[in-house]
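Visitor: Below is a structure I'd like to ask you about.
Right under this line is the structure:
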């Protein structure tokens, strides 16, 4: 009840352009995935997009965001690179034409192929990752302009590039109509929110004796 109440408040705030990052922390089996599923149901009027992380892809740069961006473009997981590139070009022209010179940076996140541009060729390599984060963040602001739930499960397995990009989104979320929901184990790997960045932190633990007794009574029917 406590966790769902906090998530319901975050969703209500997002409807008024007061976005937030919600961090659910717990060991395997504590209910992180179930809580994420309950949140999806609470956000039934939101646009929901997901960026999954897993051990098989922990070394693949931007893998979670590649999945998330493909969803926003309406591309399936089995779409070929050329089709994804064409969808990206069309969507940028429609929603964010000012990003056209940076299309190939978005293509990097998507895992698609696209020719470079003069602006990108002139970009110092030291600033390339920061520019990818800036461009991707701006693109998401244009394609997710309404209340949206962004779900990133198992972010302790997230690759470094995605972790930096997620940190960029988290830093800007308070002015967006978004709830960014992340689930993770209590590990110092992948994406770890800062302790003082104002996010909602929900550590999952065993229920107390009073709640356990109430749960038993609720399922015992007429013979508690």
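Numbering (our numbering), first residue to last: 13 to 236. The beta carbon of each residue, even a glycine, is placed where N, CA and C say it ideally should be.
(1) Got a sec, what are the start and stop residues for the beta strand (DSSP E) residue 215 sits in?
(2) Distance, Cα to Cα, residue 174 vs residue 129?
(3) Let me check understanding here. Comparing Cα to Cα, which of 214, 27 and 235 lies closest to residue 43?
(4) Would you mind working out which of 147, 90, 25 and 47 sits nearest residue 58, comparing C-alpha positions?
(5) Classify residue 29 as buried or exposed, calling it buried when 16 or more other Cβ atoms lie within 10 Å of its own Cβ.
(6) Within the same chain, show all residues whose beta-carbon is closer than 7 angstroms to that of residue 22, passing over the 5 residues directly before and after it, in chain order.
(7) Alpha carbon to alpha carbon, what distance is there between residue 52 and residue 27?
(8) Whole angstroms are fine: how far does the CA of residue 199 sit from the CA of residue 10?
(9) Roughly how many angstroms lie between the CA atoms of residue 189 and residue 79, to the nearest whole one?
(10) Starting from residue 190, follow its DSSP beta bridges and name the residues at the other end.
(11) Tell me residue 61's beta-bridge partners as DSSP assigns them.
(12) I'd like the list of long-range same chain contacts for residue 160, defined as Cβ closer than 6 angstroms, with 5 residues on each side in sequence excluded.
(13) Which residues does DSSP pair with residue 32 in a beta bridge?
(14) Have a look at residue 72 and residue 171 and give me their C-alpha separation to the nearest angstrom.
(15) Count the other C-beta atoms from every protein chain shown that fall within 10 angstroms of the C-beta of residue 111, then say buried if there are 16 or more, exposed otherwise.
(16) Near residue 205, what residues of its chain come up, given a Cβ to Cβ distance below 7 angstroms and the 5 sequence neighbours on each side ignored?
(17) Pick helix, strand or coil for residue 96, following the three-state DSSP scheme.
(18) Classify residue 94 as buried or exposed, calling it buried when 16 or more other Cβ atoms lie within 10 Å of its own Cβ.
(19) Taking the Cβ atom as the reference point for each residue, do residue 177 and residue 74 lie within a distance shorter than 8 angstroms?
Guide: In this structure, then:
(1) Residue numbering aside, residue 215 sits at position 203 when the chain shown is read from its first letter. Here the beta strand (DSSP E) through residue 215 covers 212-215.
(2) Along the chain shown, read from residue 1 onward, the residue named residue 174 stands at position 162. Along the chain shown, read from residue 1 onward, the residue named residue 129 stands at position 117. Spanning the two alpha carbons is a distance of roughly 23 angstroms.
(3) Here the question's residue 43 lines up with position 31 in the chain shown. Comparing Cα positions, the closest option is 214.
(4) The residue you call residue 58 lines up with position 46 of the chain shown. The candidate whose alpha carbon is nearest that of residue 58 is 25.
(5) The residue you call residue 29 lines up with position 17 of the chain shown. Exposed.
(6) Translated into the one-based positions of the chain shown, residue 22 becomes position 10. 32, 34, 191 and 212.
(7) The sequence position of residue 27 within the chain shown is 15, counting from 1. The sequence position of residue 52 within the chain shown is 40, counting from 1. Using only the alpha carbons, I get a separation of about 15 angstroms.
(8) Not covered by the structure: residue 10. The range shown for the chain is 13 to 236.
(9) The residue labelled residue 189 in the question sits at position 177 within the chain shown. The residue labelled residue 79 in the question sits at position 67 within the chain shown. Distance between the alpha carbons of residue 189 and residue 79: 21 angstroms.
(10) Residue 190 sits at position 178 when you count from the first residue of the chain shown. Answer is 160, bridged to residue 190.
(11) On the chain shown, residue 61 is found 49 positions in, with the first residue counted as 1. 162.
(12) Mapped onto the chain shown, residue 160 falls at position 148. Counting only Cβ-Cβ distances below 6 angstroms, and skipping sequence neighbours, we find 58, 59 and 190.
(13) Taking the chain shown and counting its residues from 1, the one referred to as residue 32 is at position 20. The partner list for residue 32 (beta bridge, DSSP) reads 191.
(14) Mapped onto the chain shown, residue 72 falls at position 60. Mapped onto the chain shown, residue 171 falls at position 159. One C-alpha to the other measures close to 6 angstroms.
(15) The count along the chain shown starts at 1 and reaches residue 111 at position 99. By the neighbour-count rule (16 or more Cβ atoms within 10 Å), residue 111 is buried.
(16) Here residue 205 refers to the residue found at position 193 when the chain shown is read from its first residue. Around residue 205: 33, 35, 182 and 211.
(17) Numbered from its first residue, the chain shown carries residue 96 at position 84. In this structure, residue 96 counts as helix in the three-state DSSP scheme.
(18) Indexing the chain shown from 1 puts residue 94 at position 82. Exposed, by the Cβ-count rule.
(19) Taking the first residue of the chain shown as position 1, residue 177 is located at position 165. Taking the first residue of the chain shown as position 1, residue 74 is located at position 62. Their beta carbons are under 8 angstroms apart, which means residue 177 touches residue 74 by this criterion.
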